[in-house]
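This report concerns only the one structure given below.
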Amino acid sequence: MKVFLSADMEGTCGIVSWPETERSTPMDYTPAQKQMTREVAAACRGALAAGAEEVLVKDAHDSARNLDPAGLPRGIKMNRSWSGDPLSMMSGLDKDSYGAVFFTGYHAWAGCPGNPLSHTMNGRNDHVTLNGTLCSEFLINSYTAGYYGVPVALVTGDQALCDFAKTLIPAITTVPVNVGRGGSVTSLHPDEAVERIEAAAKEAVAKADQCIVPMPEHFHMEIDFFKHHVAYSKSFYPGAVLKDDKFVCFDSDDWFEMLRFCHFVLSDA
Ligand SMILES: [Zn+2]
0 MKVFLSADME
10 GTCGIVSWPE
20 TERSTPMDYT
30 PAQKQMTREV
40 AAACRGALAA
50 GAEEVLVKDA
60 HDSARNLDPA
70 GLPRGIKMNR
80 SWSGDPLSMM
90 SGLDKDSYGA
100 VFFTGYHAWA
110 GCPGNPLSHT
120 MNGRNDHVTL
130 NGTLCSEFLI
140 NSYTAGYYGV
150 PVALVTGDQA
160 LCDFAKTLIP
170 AITTVPVNVG
180 RGGSVTSLHP
190 DEAVERIEAA
200 AKEAVAKADQ
210 CIVPMPEHFH
220 MEIDFFKHHV
230 AYSKSFYPGA
240 VLKDDKFVCF
250 DSDDWFEMLR
260 FCHFVLSDA
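Each residue of the sequence shown is one higher than the one before, counting from 0 in numbering that gives the first Met the number 0.
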């Protein structure tokens, strides 16, 4: 089987502040970028050791030019920067090519105290709900995997997100590397995070068949924008509804239509 790996950064071991995730602040960013690459490399090594033929690594944070490809093992392919399609952090996934999805460096959702950097897609919303549940990027991207029938077998990141992942997909393998408290995180030793992720990736490949994402029959999303004028503007997306001046709502039975809505209303800068 091939594995599709979507790599974010805010759930990388030890990361606690925005400058550590931004290329414009290299003193903070460089060590964090190095650890992100080490964790993705560990997940790739584990998958390949467990028999995966190939891992497609989608760099999925900010510029999508964070990982050092030379730090990853042979046997992978890399997707860098953004294609511009609605799959976004899952760009490149399809229904036939992959036997498992891995998420590394993932983080808690907007409104969750489990990570000082909690957010959901752009920074213009207070929170997002999907079918009444506070919505993370993990949830959106898991439904994209589910839409194509690909199991979600591994997530690494903060403890709050790993706990949520188990409620959605009980058989998923998780590696919590950070525990958030207020503006702080308590993390594993970076080498220990790497070791745990490699072992977990092996286990995840073996258990992938048990990790099918349960797909709801209908999707209802509400985005609570910080600014009423942004909500007003976004409410002109076809089919969207403005509620209480700052919530933009959208309904569909088709997950791809929800992704298209997210692409134009939730993902942009
Ligand atoms: Zn990110």
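Here a beta-carbon is modelled for each residue, glycine too, at the ideal position from N, C-alpha and C. Treat the numbers as computed from the prediction; the structure is a model and nothing was measured.
- Message: Report the CB separation of Arg195 from Val174 in whole angstroms; it is logged as a contact under 8 Å.
- Response: 5 Å
- For Val212, which beta-bridge partners are listed by DSSP? Beta-bridge pairing links Val212 to no other residue.
- Query: Nearest to Asp58 by CA position, among Asp7, Ala69, Ser23, Arg44, is which residue?
  - Reply: Asp7
- Query: Would a C-beta distance cut-off of 8 Å place Thr11 and Ala31 closer than the cut-off?
  - Reply: Yes, they are a contact pair.
- Hey, would you say the C-beta of Glu19 is under 7 Å away from at least one heavy atom of ligand 1? no
- Apply the 10 Å Cβ neighbour rule to Arg73 and answer buried if 16 or more other Cβ atoms are within range, or exposed otherwise. Arg73 is exposed by the Cβ-count criterion.
- Tell me, which residues are paired with Pro112 by DSSP? According to DSSP, Pro112 bridges with nothing at all.
- Assuming Ser266 contacts Ser87 under a Cβ cut-off of 8 Å, what Cβ separation, rounded to an integer in Å, is found between them? 6 Å
- Going by CA-CA distance only, name the one from Lys226, Asp244, Asp243 that's closest to Gly122. Lys226
- Does the beta-carbon distance from Asp223 to His126 come in below 8 Å? Yes, Cβ-Cβ distance for Asp223 and His126 is below 8 Å.
- Query: Going by the C-beta, is Glu9 closer than 7 Å to any heavy atom of ligand 1?
  - Reply: Checking the Cβ of Glu9 against ligand 1 gives yes.
- Task: Pull up the DSSP beta-bridge partners for Glu256, would you.
- Result: Per DSSP, none; premise fails for Glu256.
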